[in-house]
DNA sequence: AAAACTTGTCGAAGCGGTTCGATAAAGGCG
DNA sequence: CGCCTTTATCGAACCGCTTCGACAAGTTTT
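Residue numbers (our numbering), protein chains in the order written: chain A, 1 to 340; chain B, 1001 to 1340.
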């Protein structure tokens, strides 16, 4: 069995409390002789403090929880793992552990609320919940610090990290317009994600500012998955060539990859006959038939900042931050001026 | 503050121990009246047992740990997230939490040994460590149950889950030979992963059984990343057409995607001028210029089985299982008979 | 009817730490 | 040299829950 603080106390001839003071460097001073003796014995016994006992006593487990749902591997793989990487990096730097909570659907989350708040975690990061989910505020009611990733929560008391989705799509649309495209289709993401709503808004804004008539663009609802892009592309392709858009502006790289697959199958070459753009800049963007023009999301930073915010709040910092991180346009070969 | 078992006891006029018996259905019997009274109060106070106190008392946290390293997002994204999905699914079914431990390199893992064994976790899953890492056995020495994913550990006392890598590559090679290919290049994965070693062995075995001379195949060392496939493909392409292989048999889809990118850039069409195959069957296999012929790894099942094994051991089952899960060939458009 | 269980409950100890109050020894100061 | 402060240590209480021993009351067994 693992050595306990009592074993150390007995072996080194001092009381358990003194051992504790040595191990934690305080809060009471310890004489040099005692300190060295205890540390030597600790090393000899290969002592490791029990995190659970420590957590119970301090009411702090040095652990944060991460809540997400496994929607669809095609969609969430790179996105989630990169954010996770950012979160875990920050956790490691601060010697914190991370516990993962998953469920099949966001609807299951409220029922598990007690699970998240049973003392195991000191705070929570919620990754990409549906727009403005109500359960987020319940955590505050339970005095559980929370940071939301992937949307800026309307309640300024909820910390959140995201990119400026509206601006991102605004810039992408402007870029396509600057190439000379006039008829552009927007392939939207899941309407229940605030990112999808904001991206659509950015798209419309660019058109409005360019004073182009609404007839020129098509807003095609869908989801963030490749299948959505595939199906929507097939529909668009059926349109008579006069009305057909010259560019598909997709709300994600996954959508764009699906769309491009459909175009290839229909014998439409990218970018000669059709430009295609995505958002996210995930690895899939590099392996499509024509590498994707996209907007790079700083996933790792997003995760890292979220974790840093959360840890600061847990440590007592009362400021609630809501942060938009910069996203940058990456031009590749899937976009070109229209040939018509 | 959250209600404790003492609050319940006071409110319902019984002792804390009786409350505990009610909440846990035992181990002592409780009268129906008392039970109902306590449960009513618990509901009224929105009581949630503190997992940390419970864990300390029972010496069981209902948590498993997952150890992995974040090598490279291009490589590990889908692979890891799918395994994670399988693990978490099993955890949720058994009401267990999962804590993630990451580090930049496997070399850092031994130093963190105490962190993994400080009472936080009841057992560990190690995902894809370098071949036969020594630290795995240290866990056994600390009486910490462990399951290794991605290799069958030589020590039969270490539980492990994997596919039959040798057989998988053997079948893929046989398939290419059956198409009529004779000159085939194997693009290997990281030599320190046992999967890479076994896949190479399967490749050689197929050639040996077909009684084909060794001159016909080329074994090209590399890593599991796309860049490795890209660079190795560029080298292969430079060979005079007479000696150049007619098929690139890649040890992973990521390698194959990189290789295909290079072939496209060199104007070599797949599969007409060159067949390309992968292993893993991850989403990237569907978005390459020609969809990849690959071998499907049951990632989710691998994770699920690993978690089930681990939880069974934690629950007291002494049997140590080492399991090979079936992997299946998926033929797509990146492979065809050679044209020469 | 006494002995032997069973049922239902309580108090106390324990899990492995942290931390507060008390205390003794050592050092500083007028 | 007393008085006060600082330093170093100990014992005990506590974090919130589980579980064991004890015991009273009710139920069987012999």
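Ideal Cβ placement from N, Cα and C applies to all residues, glycine included.
Predicted model, so just to flag it, every value in this text is computed and none were measured.
Across the structure, residue 267 of chain A and residue 286 of chain A are spaced so that their CA atoms are roughly 21 Å apart. At least one beta carbon of chain B lies nearer than 9 Å to the beta carbon of residue 287 of chain A. Using beta-carbon distances, residue 1053 of chain B counts as an interface residue toward chain A, with a partner under 9 Å. At least one beta carbon of chain A lies nearer than 9 Å to the beta carbon of residue 1098 of chain B. Under the 10 Å beta carbon count, residue 1319 of chain B is surrounded by fewer than 16 other beta carbons and is classified as exposed.
Approximately 5 Å separates the beta-carbon atoms of residue 184 of chain A and residue 217 of chain A; this is inside 8 Å, confirming the contact. Straight-line spacing of the CA atoms in residue 1189 of chain B and residue 1165 of chain B works out to 12 Å. Here the region 1294–1308 of chain B makes contact with the region 1080–1091 of chain B; the two share three or more CB pairs at distances below 8 Å. Counting along the chain, no beta strand (DSSP E) covers residue 1215 of chain B, and no H or E run does either. Neighbours of residue 1114 of chain B in chain A, taken as residues whose beta carbon is under 7 Å from its own, are 48 in chain order. By DSSP's assignment, residue 1159 of chain B forms a beta bridge with B/1147. The beta carbons of residue 202 of chain A and residue 170 of chain A sit closer together than 9 Å.
Only residues of its own chain outside the window of five on either side were considered, and among them 230, 233 and 234 have a CB closer than 6 Å to the CB of residue 262 of chain A, listed in chain order. A Cβ-Cβ separation of about 5 Å places residue 22 of chain A in contact with residue 35 of chain A under the 8 Å criterion.
Taking a beta-carbon distance threshold of 9 Å, residue 1085 of chain B counts as an interface residue toward chain A. Looking at the DSSP output, residue 1247 of chain B bridges to B/1184 and B/1275.
Interface residue (Cβ-Cβ distance to chain B less than 9 Å): residue 117 of chain A is classified as such.
Excluding sequence positions up to five before and after residue 314 of chain A, its CB lies within less than 6 Å of the CB of 122, 123 and 145, all in the same chain and listed in chain order. Legend: CB atoms of the region 1169–1194 of chain B lying less than 9 Å from CB atoms of chain A are not found in any residue. Of all residues in the region 255–273 of chain A, those with a C-beta nearer than 9 Å to a C-beta of chain B are 257, 258, 260, 261 and 264, reading in chain order. Residue pairing by DSSP places residue 330 of chain A opposite A/294 in a beta bridge. In this structure, A/331 is the residue among A/326, A/331, A/323 and A/32 with its C-alpha nearest to the C-alpha of residue 290 of chain A. For residue 78 of chain A, at least one C-beta of chain B is nearer than 9 Å to its own C-beta.
Taking a beta-carbon distance threshold of 9 Å, residue 226 of chain A counts as an interface residue toward chain B. Within chain B, the residues placing a beta-carbon under 9 Å from that of residue 284 of chain A are 1283, 1284 and 1287, ordered along the chain.
For the pair residue 1058 of chain B and residue 1028 of chain B, the Cα-to-Cα distance works out to about 16 Å. Under a criterion of Cβ atoms nearer than 9 Å, no residue of chain A is adjacent to residue 1125 of chain B; the nearest Cβ is some 12 Å distant. Nearest in C-alpha terms to residue 1130 of chain B, of all of B/1228, B/1191, B/1240 and B/1259, is B/1191.
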